[in-house]
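Residue numbers (our numbering): 110 to 221. Think of the CB as a built atom: it goes at the ideal place given N, C-alpha and C, for glycine as much as any other residue. Report on the following structure.
Next comes the structure, spelled out in structure tokens:
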């Protein structure tokens, strides 16, 4: 957590090329925006890039503005709306080796 009390998270995961349009359409709807805010997640962004290996990867960034990250994430994981959301999005993604889902990235620089 930074001095300003905000935890900043970056993550990466593969996205199946034949699922890109479906994945975009899912995110055009309401998705889990309200749930994320309920559990103190704000400024959630997802970026998509085709890499030199020809595969597509997503980079996600969000900020956690709460007081107990682990507790909030445990509660979010049990939310029926989040569970339903993941049932739609997980099949479109390809986790990196040795990961079950999004891989959390190491932050090496921050400029306020």
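- Taking a contact as a CB-CB distance under 8 Å, the pair residue 156 and residue 119 does not count as one, their CB atoms being some 10 Å apart.
- For residue 169, DSSP records a beta bridge to 120 and 155.
- Non-local beta-carbon contacts of residue 149 in its own chain, meaning distances under 6 Å to residues more than five positions away in sequence, involve 173, 174, 175 and 181 in chain order.
- In this structure, the alpha-carbon of residue 221 lies about 21 Å from that of residue 213.
- In the structure shown, residue 217 falls within a coil segment according to DSSP collapsed to helix, strand and coil.
- Taking a cut-off of 8 Å on C-beta distances, the region 123-140 touches the region 191-201, as three or more cross pairs fall below it.
- If you draw a straight line from the Cα of residue 126 to the Cα of residue 158, it is about 11 Å long.
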